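To start, the structure itself, in structure tokens.
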Amino acid sequence: LGDKNEYEITLFISTFEALNNFAVENNIKYLIKCFDATGVSETLKIHVILYHIADALSVLNKGDLGLWSEQTGESIHRELKNEWDEYKNNLLEDVNYGSRLKNAVDDY
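For the sequence shown, the residue numbers in the working numbering are 8 to 115.
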């Protein structure tokens, strides 16, 4: 992280860890403030945590995010890839490429 303020980064991490102990909506606002203070570039994962976790928790009635984890997403992607392997033709120029992809997704 180079010359980034270690205190600000530590504060961000400790606030992130505290999400399980406090009201999520209030902590997300504080987490955003702490992250902004780090000066670190926002990655896709950080963006999802800062701006979409609260919505996901409300849909899940504050339930478990395990089904939405990266590992779960990768598992689903692998299963879909296996289904696609049965349909695909490696030529993107193939006029049936789109319909093959749609059929693979539909069957999945």
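Think of the CB as a built atom: it goes at the ideal place given N, C-alpha and C, for glycine as much as any other residue. Just so you know, these numbers come straight off a predicted model, no measurement behind them.
Please report the distance separating the alpha-carbon of residue i from that of residue j.
i, j, result
"T22", "D43", "13 Å"
"A111", "N33", "42 Å"
"K40", "Q78", "28 Å"
I'd like the span of the alpha helix (DSSP H) that includes residue i, first residue to last.
i, result
"E90", "E77 to D92"
"K40", "V31 to T45"
"S48", "Neither: S48 is in no alpha helix (DSSP H) and is coded neither H nor E."
Who are the near neighbours of residue i in its chain, counting only those whose CB is closer than 7 Å to its CB and skipping five residues on each side?
i, result
"T17", "none"
"I53", "F42"
"K95", "R107"
Using a 10 Å radius around the Cβ and a threshold of 16 neighbouring Cβ atoms, would you call residue i buried or exposed?
i, result
"N12", "exposed"
"L38", "buried"
"Y14", "exposed"
Tell me which same chain residues have a C-beta within less than 8 Å of the C-beta of residue i, skipping the five on either side of it?
i, result
"D101", "R107"
"N28", "Here N28 scores only 47 on pLDDT, less than 50, and its place in the model should not be relied on; the value that follows carries that caveat. Once the five neighbours on either side are set aside, N28 has no close Cβ partner at all."
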